[in-house]
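**Q** If you count the sequence shown from 1, you need to add 116 to reach my numbering. Don't be surprised by glycine CBs; every beta carbon is placed ideally from N, CA and C.
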Amino acid sequence: QGVCSGVCPSNCTCSETSSAVDFSDFIFHLNPAGIEDIVTDTQSFVAVLTGEDNQFYPYYGEFDPYAAKDRGYYFRESSYMQSLNSSLVISPSFSISAWVRPLEESGSLLSKGQLKLSLQNYLPRVGLQLGSRGVSFLGPPLDSEGWNLVGVKTYIESNQYKVEVWTNSTKTVNATTGFFQDSSSELLIGGAGFKGFLW
117 QGVCSGVCPS NCTCSETSSA VDFSDFIFHL NPAGIEDIVT DTQSFVAVLT GEDNQFYPYY
177 GEFDPYAAKD RGYYFRESSY MQSLNSSLVI SPSFSISAWV RPLEESGSLL SKGQLKLSLQ
237 NYLPRVGLQL GSRGVSFLGP PLDSEGWNLV GVKTYIESNQ YKVEVWTNST KTVNATTGFF
297 QDSSSELLIG GAGFKGFLW
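#1: Residue ranges of each beta strand (DSSP E) run of no fewer than 3 residues wholly in the region 148 to 212, ordered along the chain?
#2: Step through the CB atoms of chain B and report whether any lies within less than 7 Å of the CB of T158.
#3: With distances taken from CA atoms, which of Y238, Y271, N264 and T292 is nearest G250?
#4: Unbroken beta strand (DSSP E) runs of length 3 or more, entirely within the region 254 to 291: which are they?
#5: Classify Q117: buried if its beta carbon has 16 or more other beta carbons within 10 angstroms, exposed otherwise.
#6: Can you grab the Cα-Cα spacing for the pair T166 / R187, in whole Å?
#7: Please report the Cβ distance between S126 and V205, rounded to the nearest whole angstrom; I am assuming they are in contact, meaning their Cβ atoms lie under 8 Å.
#8: List the DSSP bridge partners of G312.
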């Protein structure tokens with residue numbers, strides 16, 4: 117089942133009456149495993165900058181996450197990464213996941229336009245704008261002492277918009293109406309109080 121969207125998502129070919137998925141793989145895959153000021157995703161080649169400028173290791177800026185080689189990046193509460201272009205457009209049906217090692221109970225993991233994935237008291241929380249109304253859903257609790265695979269998945273089933281929020285092997289499934297519609301907006305990783313590792 118499909119939806120009628122005014123914006124053509126990345127990885128799709130669109131016309132006025134239809135759309136087709138170009139390939140069924142990731143459209144964005146960021147792997148911050150080295151010591152890099154700019155990390156380029158391996159699928160759509162979106163460049164993602166650490167902090168506000170090109171200052172980085174070994175003299176980190178105020179908003180830079182710290183490179184933790186082969187363990188992602190360590191984010192202090194003010195640390196963030198931002199996309200350098202806004203060409204990535206997420207489809208109404210999407211999946212997002214990340215390895216998270218939280219050191220505080222709350223904070224933003226990822227945001228893009230009307231989409232936000234965050235932690236709230238060690239629970240993953242997804243916030244979405246569905247047409248004219250905003251919704252948010254919580255997922256299962258994280259292990260506060262270790263690494264967690266956290267994610268969100270949306271899809272259309274039986275004329276309902278389903279939102280799954282999961283932690284490791286457990287999930288919550290929520291049914292709602294409307295659907296998410298992305299725009300060419302900046303991707304922001306971390307910031308807004310998140311403290312811990314993201315990989």
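**A** In short, the structure shows the following:
#1: 154 to 156, 163 to 166, 189 to 191 and 196 to 199
#2: Among the chains in the structure shown there is no chain B, since it carries only a single protein chain.
#3: T292
#4: 264 to 273 and 276 to 283
#5: Bear in mind that the predicted position of Q117 carries a pLDDT of just 45, short of 50, making it too unreliable to give a figure here.
#6: 16 Å
#7: 5 Å
#8: According to DSSP, G312 bridges with F191 and P218.
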